[in-house]
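Numbering (our numbering), first residue to last: 1175 to 1385.
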C-alpha cells in the first residue's frame, strides 16, 4: 500500500537479554555465503534492519564477532550519496570502547560551497590545551590524553558537538582539527621565513660596515 508502515517481518522480545532475532552463520566448506539472517528493503526510506530499544541500558542492534578477520556489524553502500553505517544520537553517533580505524571521510569540491582559507590558525593552535586524564567508569575508566571539548569549542567551534542545552559538549571531531594544524604550520613557516630574511639582511649590513 502507498501509506502505512510495511514490515517484511516484525520481531519483539521482552525481558532481560531478550532477542527479537538471533542468527548464527557457521563456517563451512565451499564458496557459498552464509547468513545468520538476511534482510532487504528496496523502498524509499526503507530499512533492511531497524533496531529499537527502550531499555536502560539497551541496544537497538548488536553485533558480535570472534574470528580474527570478522566484523560484528558491517555496512556497505555503492550509491553516490549513500551511507554504509549511519549514526544519529543525542549523546553519541558512534561509541567504541576499544581501538578503531577510520577508512576515510567524504570530501570533494563538488559538494562544497563558500570555500575560504582558515585564518589565524596558529593562534588557534596555541590556544589549545592538551591534557592527560582518566575516563569515568561509564566510559571505560582507562587513562588517556586529548582535549577538553568545552575548551576546544571556544576556539574551534566547528569540531565540537553539544547536548541539546548547548552547554555541555558530547564530543570532538579530532580529524577535523587537521586542516587547522596544516594552516598553522604554514603560518609558522611564513614567520620563520620572514625572520630568516631579516637575519640575512642584517648579515649583509654588518658585512658591509667598515672594519
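By construction, the Cβ of each residue, glycine as well, lies at the ideal position given by its N, Cα and C atoms.
Check                                                                                    : Outcome
Whether residue 1333 touches residue 1346 by CB criterion (8 Å)                          : yes
Span separating the alpha-carbon of residue 1373 from that of residue 1363               : 15 Å
Residue 1292 - containing beta strand (DSSP E), residue span                             : Counting along the chain, residue 1292 falls outside any beta strand (DSSP E), and DSSP gives it neither H nor E.
Selection from 1303, 1304, 1318 that minimises the alpha carbon distance to residue 1310 : 1318
Cβ pair residue 1342, residue 1348 closer than 8 Å                                       : no
First through last residue of the alpha helix (DSSP H) which encompasses residue 1356    : 1352–1382
Any non-hydrogen atom of the ligand ATP within 7 Å of residue 1310 CB                    : As far as ligands go, the structure on display features none, and thus does not contain the ligand ATP.
Euclidean distance between Cα positions of residue 1340 and residue 1375                 : 52 Å
CB contact check: residue 1347 to chain B, cutoff 8 Å                                    : No chain B appears in this structure, which consists of one protein chain only.
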